[in-house]
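Protein chains in written order, with our numbering: chain A, 15 to 581; chain B, 15 to 581.
2 protein chains.
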Amino acid sequence: MKFTQNPFRTIKMVSSELVSKNAKLLTQASYIHQEVAGIYTFLPYGLRVLNKIEKIIREEMDKVAIEVYMTSLSPKKNWEQTGRINTVDVLMKTEPANAASAAKNTTSYVLNSTHEEMVTPLIQEFAHSYKDFPLCVYQIQTKFRNEPRAKTGLLRCREFRMKDAYSFHRSPENLQTYYDRMKDVYMTIFRRLGLGDSTVMALASGGDFTKDFSHEFQTIVDAGEDTLFIVKSTKLCFNREVAPSQAPKLNDDNEEMKTMTEVEGVGMIGVTELAKFLNIAREKTTKTLLFVTETGDTIAAAVRGGYAVDEEKLKKIVGAKTLKLASAEAVKKITQAEVGYAGPLNLPDSVKVFFDESTSNRKNFECGANKTHFHSTNVNWERDLPLPEKFYDFKVAKEGDIYPETGEVYDVRKACEVGNIFPLHTKFSKAFDFTYLDEQGKTQPLYMGCYGIGPSRLLGVIVEKYADAKGLVWPKNLAPFTVHVIDIQQNDRGAEIYQKLQAAGIEVLWDDRDARAGEKFADADLIGVPYRAVVSEKTGDKIELKERTSDNAELVSLDELIQRVTA
Amino acid sequence: MKFTQNPFRTIKMVSSELVSKNAKLLTQASYIHQEVAGIYTFLPYGLRVLNKIEKIIREEMDKVAIEVYMTSLSPKKNWEQTGRINTVDVLMKTEPANAASAAKNTTSYVLNSTHEEMVTPLIQEFAHSYKDFPLCVYQIQTKFRNEPRAKTGLLRCREFRMKDAYSFHRSPENLQTYYDRMKDVYMTIFRRLGLGDSTVMALASGGDFTKDFSHEFQTIVDAGEDTLFIVKSTKLCFNREVAPSQAPKLNDDNEEMKTMTEVEGVGMIGVTELAKFLNIAREKTTKTLLFVTETGDTIAAAVRGGYAVDEEKLKKIVGAKTLKLASAEAVKKITQAEVGYAGPLNLPDSVKVFFDESTSNRKNFECGANKTHFHSTNVNWERDLPLPEKFYDFKVAKEGDIYPETGEVYDVRKACEVGNIFPLHTKFSKAFDFTYLDEQGKTQPLYMGCYGIGPSRLLGVIVEKYADAKGLVWPKNLAPFTVHVIDIQQNDRGAEIYQKLQAAGIEVLWDDRDARAGEKFADADLIGVPYRAVVSEKTGDKIELKERTSDNAELVSLDELIQRVTA
Chain A
15 MKFTQNPFRT
25 IKMVSSELVS
35 KNAKLLTQAS
45 YIHQEVAGIY
55 TFLPYGLRVL
65 NKIEKIIREE
75 MDKVAIEVYM
85 TSLSPKKNWE
95 QTGRINTVDV
105 LMKTEPANAA
115 SAAKNTTSYV
125 LNSTHEEMVT
135 PLIQEFAHSY
145 KDFPLCVYQI
155 QTKFRNEPRA
165 KTGLLRCREF
175 RMKDAYSFHR
185 SPENLQTYYD
195 RMKDVYMTIF
205 RRLGLGDSTV
215 MALASGGDFT
225 KDFSHEFQTI
235 VDAGEDTLFI
245 VKSTKLCFNR
255 EVAPSQAPKL
265 NDDNEEMKTM
275 TEVEGVGMIG
285 VTELAKFLNI
295 AREKTTKTLL
305 FVTETGDTIA
315 AAVRGGYAVD
325 EEKLKKIVGA
335 KTLKLASAEA
345 VKKITQAEVG
355 YAGPLNLPDS
365 VKVFFDESTS
375 NRKNFECGAN
385 KTHFHSTNVN
395 WERDLPLPEK
405 FYDFKVAKEG
415 DIYPETGEVY
425 DVRKACEVGN
435 IFPLHTKFSK
445 AFDFTYLDEQ
455 GKTQPLYMGC
465 YGIGPSRLLG
475 VIVEKYADAK
485 GLVWPKNLAP
495 FTVHVIDIQQ
505 NDRGAEIYQK
515 LQAAGIEVLW
525 DDRDARAGEK
535 FADADLIGVP
545 YRAVVSEKTG
555 DKIELKERTS
565 DNAELVSLDE
575 LIQRVTA
Chain B
15 MKFTQNPFRT
25 IKMVSSELVS
35 KNAKLLTQAS
45 YIHQEVAGIY
55 TFLPYGLRVL
65 NKIEKIIREE
75 MDKVAIEVYM
85 TSLSPKKNWE
95 QTGRINTVDV
105 LMKTEPANAA
115 SAAKNTTSYV
125 LNSTHEEMVT
135 PLIQEFAHSY
145 KDFPLCVYQI
155 QTKFRNEPRA
165 KTGLLRCREF
175 RMKDAYSFHR
185 SPENLQTYYD
195 RMKDVYMTIF
205 RRLGLGDSTV
215 MALASGGDFT
225 KDFSHEFQTI
235 VDAGEDTLFI
245 VKSTKLCFNR
255 EVAPSQAPKL
265 NDDNEEMKTM
275 TEVEGVGMIG
285 VTELAKFLNI
295 AREKTTKTLL
305 FVTETGDTIA
315 AAVRGGYAVD
325 EEKLKKIVGA
335 KTLKLASAEA
345 VKKITQAEVG
355 YAGPLNLPDS
365 VKVFFDESTS
375 NRKNFECGAN
385 KTHFHSTNVN
395 WERDLPLPEK
405 FYDFKVAKEG
415 DIYPETGEVY
425 DVRKACEVGN
435 IFPLHTKFSK
445 AFDFTYLDEQ
455 GKTQPLYMGC
465 YGIGPSRLLG
475 VIVEKYADAK
485 GLVWPKNLAP
495 FTVHVIDIQQ
505 NDRGAEIYQK
515 LQAAGIEVLW
525 DDRDARAGEK
535 FADADLIGVP
545 YRAVVSEKTG
555 DKIELKERTS
565 DNAELVSLDE
575 LIQRVTA
């Protein structure tokens with residue numbers, strides 16, 4: 015492509031709204047254009063890279079699944095059938111935009127954020143017998159999600175490209191076999207995208223589909239929104255939400271037990287402030303929260319200061335479907351105090367108290383006194399508070415925490431989820447009453463898995479990983495062009511090299527502008543094409559070849575150039 | 015592909031809801047699957063054809079424009095800027111689908127039905143100088159339109175694939191040059207898609223953008239929703255909406271003028287019923303409609319019985335921005351009669367009467383008498399009704415009408431619009447205040463054109479044109495596969511031919527099912543792959559090769575087969 019054929023020139027200053035590295039650089043180099051928060055147009059360079067990413071995904075997926083192209087609009091009834099029309103918190107729907115449109119058709123459609131609700135009844139029309147399974151379909155398509163914040167460029171968008179696959183199986187074992195195969199397919203894809211060495215498979219929540227974990231493919235980049243807890247010795251990797259965590263010990267074994275006292279601290283309800291006021295370590299404070307379950311029972315959950323309660327973990331421990339923080343009124347009724355002073359001492363017997371393991375192994379610790387403005391200090395296990403039958407783990411894991419199995423401190427890393435595979439089991443087949451007939455003609459439950467990868471997000475992740483201070487840097491197989499040609503004197507050499515490289519089947523960007531050399535070099539660095547080929551009076555009949563990632567240039571002939579870049 | 019790799023088998027009976035030939039056959043052969051009216055999933059075979067159509071469009075468009083990929087969601091402000099948020103009658107918008115989603119982001123977006131509102135401000139950010147123009151961008155993308163009815167399969171969908179291009183120019187002349195070039199590009203595309211000989215360029219309305227015509231590319235097929243009026247001698251072709259029309263003469267020149275009479279016909283307001291009642295030809299009746307303009311003026315429009323008034327034509331003649339049928343109350347006030355008895359005789363002077371040319375050249379004709387239940391009969395020009403200064407053409411053209419320039423009866427054909435090119439002039443650049451600086455640094459208006467082609471609609475049109483009683487028929491370059499292999503004895507021959515053809519780079523569908531030969535043959539005809547290759551005990555070491563469009567089979571060797579299908 016000639017530089018001047020592309021109306022979307024590089025930009026000097028980008029909007030201060032674009033805070034992430036990928037959004038900033040991709041906008042500056044005119045790969046993408048933000049239309050509104052989280053919604054990006056792909057400009058010519060960006061579309062070229064996106065197409066290469068999707069081609070690689072397609073090539074690998076074609077080995078294990080068959081491609082279809084489902085619709086973005088869904089009849090509402092499909093989402094009503096699973097009940098998810100009310101629960102998927104990123105779901106959007108359509109309405110006629112004006113009266114004239116409403117006069118034509120008043121139907122409201124769901125704008126699919128994912129396609130379980132489409133693919134399950136679709137496959138149900140075609141496959142009924144044990145002979146028809148296993149099977150897997152996939153598509154690459156634009157998805158729509160009503161994300162709350164969209165500040166990380168292509169890493170989280172309201173409209174984005176997605177490859178989603180859905181598999182159907184006769185047994186959980188067959189699902190597992192296919193699922194394991196898909197892990198390999200995914201790692202092959204990430205390797206081909208240049209992310210193999212920085213992408214790990216992390217265990218994540220199986221949601222309400224299964225007690226099993228789902229698996230996330232996480233690329234370790236600073237801009238990532240996810241936090242991984244990695245066990246170095248075993249390479250086991252957890253998303254924060256499911257990381258089993260043990261709090262570091264306090265080293266207060268040798269402390270003397272002090273006298274338990276009630277201390278008045280007016281309005282002291284934050285643990286940091288409270289610790290300062292009481293002149294104790296924050297870890298000696300205790301946060302006790304009251305929750306109400308779906309059956310109306312109230313429970314208390316205590317963690318040590320500095321930790322938050324992970325409600326998903328707690329729900330499973332309590333065996334509750336939902337947990338809601340108790341209202342200020344309910345707290346007052348139970349504890350006889352305002353919110354902020356609840357503690358495990360002297361709670362009514364009806365309130366079961368769950369203790370996180372971080373509250374154990376402490377001496378002389380603080381608890382709320384169940385009395386407005388008052389805190390019990392120098393509380394000690396057994397003497398003041400009976401040891402519970404069991405300590406649990408329901409805290410939000412944090413840096414410094416220990417993996418209980420091996421006693422290692424976790425390696426904690428920021429990462430971006432680039433893929434996710436999910437054993438759906440019978441969640442959707444049951445919702446649509448989709449079963450199959452086995453060899454004996456007996457109805458059997460059907461098992462499903464789903465498998466997602468976001469091509470546009472991957473593009474952003476690749477930028478986050480590879481770009482440097484001067485601009486974008488692309489793996490050679492993904493770059494929009496292989497060679498960036500600059501002819502400083504703007505003679506015919508540039509045109510000649512451009513044509514000859516193209517004739518050799520090489521993708522070339524030729525900066526044919528009438529512009530300063532410095533501007534052309536800066537743009538070449540910003541755009542990030544792997545090879546820069548410069549000709550000028552100084553280079554004679556040779557070409558100055560430099561890789562984007564190297565500081566060293568060398569003089570080569572055109573034939574050598576072609577050999578080098580096609581090697 | 016092996017037949018059994020595709021879970022989407024052919025279907026015996028399709029829903030009676032699918033009435034069009036393309037929807038019926040494409041569903042039966044499992045190329046597409048209707049999710050809800052006008053919304054279709056592309057199954058593997060269908061996606062293969064769609065991809066081939068889009069590839070051809072892309073190859074030709076790349077010669078004249080640069081590809082981008084804009085977004086489906088648009089901020090509302092873009093559509094408010096042009097005012098089209100309230101007027102585009104197929105426009106949809108998004109809303110959060112549930113309370114949890116609304117809690118995250120309450121923004122409502124427009125779901126783009128076309129992209130002038132996106133592309134104009136986008137280009138405005140990048141191009142400002144005379145040096146930057148002309149330029150043209152295009153995309154291939156899913157579009158959303160809230161169509162009122164969606165009964166013609168892929169010919170009219172609520173969600174469909176579209177190629178849309180937008181060009182920007184410094185002058186109307188430059189726009190015209192590019193526009194004419196695009197006509198050639200389009201005809202090349204239709205030729206490559208096998209539609210060249212049945213696709214014509216028709217003149218259509220320029221909408222409110224321009225007094226010029228826009229140009230539609232219309233493929234003549236019975237299932238088409240449009241009606242073309244073709245002038246045989248000049249090949250000129252009009253969409254019905256803009257066809258200049260002259261009504262055929264009545265041949266009543268030799269009739270004697272009869273005495274004008276008022277006849278009572280209680281409740282006779284339909285022209286067919288009235289003609290029967292009066293025992294005259296329907297062409298002797300006159301339909302007089304009263305309209306109110308945006309300034310509150312009332313006008314009357316008279317056409318002869320059997321014609322309808324084309325309000326778009328009439329608006330231009332009257333010079334009105336809007337025309338509304340007068341209310342029953344207003345009609346009564348002006349004509350002193352109920353609706354249905356208005357006529358040009360004795361109307362108040364304030365009501366200007368426009369006569370369609372179909373009302374001229376008649377003797378002894380009927381008009382409403384402006385008196386409830388009464389009709390004036392045997393009305394004659396000059397004697398009873400002064401000849402107007404001018405007769406106009408504001409009727410809806412119909413079969414049998416004459417092209418006034420040459421006096422030929424139109425050739426009237428049903429057709430489907432497969433492409434549309436539109437001189438937008440300054441409509442959108444003005445709305446966004448998008449100008450450029452000329453060589454003298456002076457601000458100048460910018461001219462735009464837009465150019466659409468619907469790949470998924472084209473797929474439907476190709477079916478309408480080529481399919482036969484036995485099933486689908488594909489042009490060779492668009493077929494999902496080139497050869498359909500059937501091995502009747504299910505020996506290893508099928509597998510061997512399949513592998514060898516694939517190795518030769520030929521796209522093959524191998525029916526590897528354990529099924530009856532008759533079923534396989536019927537499916538081969540239904541799926542419509544161009545070449546069928548059958549091996550059985552009878553064919554010996556040869557292969558029975560038959561083209562889908564031929565009844566004759568011949569025995570060939572594998573090498574001959576490869577030569578034949580790659581020729």
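Each residue gets a CB set at the ideal place from its N, CA and C atoms; glycine is no exception.
In this structure, the alpha-carbon of Ala538 (chain A) lies about 13 angstroms from that of Leu40 (chain A). With fewer than 16 other beta carbons inside 10 angstroms of its own, Asn265 (chain A) counts as exposed.
Leaving aside the five residues that flank Phe436 (chain A) on each side, the residues in its chain whose CB is nearer than 6 angstroms to its CB run, in chain order, Ser228 and Cys464.
The Cβ neighbour count for Thr120 (chain B), taken over all protein chains shown within 10 Å, is under 16; the residue is labelled exposed.
When DSSP assignments are scanned along the region 504 to 531 of chain B, the uninterrupted stretches of beta strand (DSSP E) that are 3 or more residues long and fall wholly within it turn out to be 522 to 525. Annotated as distal: Ser34 (chain A) and Thr241 (chain A), with beta-carbon spacing of 7 angstroms or more. The C-beta of Pro58 (chain A) comes closer than 7 angstroms to at least one C-beta of chain B. In this structure, B:Lys91 is the residue among B:Ser470, B:Lys91 and B:Gln516 with its C-alpha nearest to the C-alpha of Asn126 (chain B). Under the three-state reduction of DSSP, Trp93 (chain A) is assigned to helix. Taking 3 residues as the shortest admissible run, the region 341 to 420 of chain B contains the following complete beta strand (DSSP E) segments, listed from N- to C-terminal end: 366 to 369, 379 to 382 and 388 to 393. A straight-line Cα-Cα distance of about 15 angstroms links Thr391 (chain A) and Gly354 (chain A).
Sequence-distant partners of Ile502 (chain A) (beyond 5 residues in either direction) whose C-beta falls short of 6 angstroms from its own C-beta, in its chain, are Ala531 and Ser550. Apart from the 5 residues on each side of it in sequence, Lys246 (chain A) sits with its Cβ closer than 8 angstroms to the Cβ of Glu422 and Asp425 in its chain, given in chain order. According to DSSP, residue pairing for Glu278 (chain A) in a beta bridge involves A:Phe388. Chain B has no Cβ within less than 7 angstroms of the Cβ of Val345 (chain A).
Secondary structure of Arg546 (chain B) (DSSP, three-state): strand.
Within chain A, the residues Pro21 have their CB atoms less than 7 angstroms from the CB of Asp146 (chain B), given in chain order. Within its own chain, the residues whose Cβ lies closer than 6 angstroms to the Cβ of Met106 (chain A), once the five positions on either side in sequence are excluded, are Leu125, Phe158 and Asn160, listed in chain order. When the five nearest sequence neighbours on each side are left out, the beta carbons in the same chain lying within less than 6 angstroms of the beta carbon of Met15 (chain B) are those of Leu523, in order along the chain. Within the region 226 to 309 of chain A, the beta strand (DSSP E) runs of at least 3 residues that lie entirely inside it are, in chain order, 228 to 234, 240 to 245, 250 to 253, 275 to 278 and 300 to 307. Segment contact: the region 473 to 488 of chain B against the region 541 to 561 of chain B, three or more CB-CB distances shorter than 8 angstroms; contact assigned. Contact annotation for His47 (chain A) against chain B: Leu136 [CB-CB distance below 7 angstroms, chain order]. DSSP places Tyr45 (chain B) in the coil class of the three-state scheme, outside both helix and strand.
Within chain A, the C-beta atoms nearer than 7 angstroms to that of Phe140 (chain B) come from Pro21, Phe22 and Arg23, in chain order.
Glu173 (chain A) is classed as buried because its beta carbon has at least 16 other beta carbons within 10 Å across all chains shown. DSSP places Tyr321 (chain A) outside both helix and strand once states are collapsed to three, so it counts as coil.
If only uninterrupted beta strand (DSSP E) runs of at least 3 residues are considered, those enclosed by the region 66 to 147 of chain A are 87 to 89, 106 to 110 and 123 to 125. For Met215 (chain A), the three-state secondary structure derived from DSSP is strand. When the Cα atoms are used, Lys301 (chain A) and Tyr152 (chain B) turn out to be separated by approximately 59 angstroms. Non-local beta-carbon contacts of Ala481 (chain A) in its own chain, meaning distances under 6 angstroms to residues more than five positions away in sequence, involve Leu39 and Val487 in chain order. Only residues of its own chain outside the window of five on either side were considered, and among them Ser44 and Leu57 have a CB closer than 6 angstroms to the CB of Phe22 (chain B), listed in chain order. For Gln19 (chain B), the secondary structure class from DSSP, reduced to helix, strand or coil, is helix. When beta bridges are read from the DSSP output, Lys35 (chain A) appears opposite no residue. Burial is judged here by how many other beta carbons sit within 10 angstroms of a residue's own beta carbon; Pro358 (chain A) has at least 16 and is buried. Annotation: Arg427 (chain A) has no Cβ neighbours in chain B at a cutoff of 7 angstroms; minimum Cβ distance is about 27 angstroms. Residue burial is scored here from C-beta neighbours: Val280 (chain B) has fewer than 16 other C-beta atoms within 10 angstroms and is therefore classed as exposed.
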